[in-house]
Amino acid sequence: MRETQVLGAVRDAMEGMGGLFPDMANRVLEVHRRLVDHYGVWRWIQRREPMHELISTMLSHRTTEADEARAYARMRERFPTWEAVRDAPVDELIEAISPARFPSTKAPNIQKALATIIEERGEASIDFLTDLAPEEGLAWLLRRPGVGVKTASLVLLFCFGKPLLPVDTHVHRVSQRVGLIGPKVGSDTAHRILLALLPNDRHTLYAFHVNTLRHGQRVCVWGEPNCDRCRLTDLCDWYRQNRARGRP
Ligand code: SF4
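Counting in our numbering, the sequence shown runs from 1 upward without gaps.
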């Protein structure tokens, strides 16, 4: 979904929420507060070097952290510069990143993304994004082949402290089950809705991302969630509809 479509979908969703918006903002903050109590306070600190973060995140789709790291290390070992990655025979790059899933899709996307970065910036660097407003940075990254809203938001938040929210599969599932977003809202629109509900502050957004992701990995897992270990039951739509039936 492109940026204009995302914004249109968000406007529709927010209008649909009408007077519910302040209540929902309070609910999101309460979820955030309880997850901080449980998993800890995470303050934003700059993570990996921006090009490393971008390419690693492109490798990470449906891939474990360990396999993403292996794929990245193999790629950099065989092709030590970004220009070498861009110019590599695609079959060799596919083989190098094969610990990641979908290498035959990811390899050409990485090469095309690198080609556009080097062509537009004159170097394999995205450090200039630090000077752009979040929306401008998002729009620029979304023009790279294979870069979606989650990847772009993650790079901008993690590397540059821009107040954006990466919505990965765990953040999306937890937000949907609790009822912070509707059951049919996709991850790109969820990114916008949650951003509108949370404070415009990189530390809060970073902590919400990390803690909701952990909650999705450890408690509100795929399949049967472990509601008996969850502190959100009284706030959660899924719990009310599936586990609280018949209770007084
Ligand atoms: S109550 Fe259950 S479904 Fe709701 S957030 Fe907690 S673990 Fe997930």
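All residues carry an ideal CB built from backbone N, CA and C; glycine is no exception.
Are Asn-200 and Pro-163 touching if we call contact CB-CB under 9 Å? Yes. Within cutoff.
Buried versus exposed, by CB contacts within 10 Å (16 or more), Glu-30: Glu-30 comes out exposed.
For the alpha helix (DSSP H) that contains Ala-113, what are its first and last residues? Run containing Ala-113: 103-121, per the alpha helix (DSSP H) assignment.
I'd like to confirm something about Thr-57: is its beta-carbon nearer than 8 Å to some heavy atom of the ligand SF4, or not? Taking the Cβ of Thr-57 as the reference point, every heavy atom of the ligand SF4 lies at 8 Å or farther away.
In the structure shown, what three-state DSSP assignment does Leu-7 receive? Note on Leu-7: pLDDT 43, under 50, position unreliable in the model; the coordinate value appears next. It is helical.
Can you tell me the Cβ-Cβ gap for Trp-42 and Val-210, rounded? I've got them flagged as a contact below 8 Å. Confirmed, about 5 Å.
Delimiting residues of the alpha helix (DSSP H) encompassing Asp-188: Residues 187-197.
Measuring only the C-alpha atoms, how far is Arg-229 from Asp-237? Arg-229 and Asp-237 have their C-alpha atoms some 16 Å from each other.
Less than 9 Å between the C-beta atoms of Val-149 and His-203, yes or no? Contact flag unset, no.
Tell me, to the nearest whole angstrom, how far the beta carbon of Arg-173 is from that of Gly-216; I am working on the premise that it is less than 8 Å. In this structure Arg-173 is in contact with Gly-216, their Cβ atoms being roughly 5 Å apart against a cut-off of 8 Å.
Could you have a look at Val-149 and say whether DSSP puts it in helix, strand or coil? Val-149: helix per DSSP, three-state reduction.
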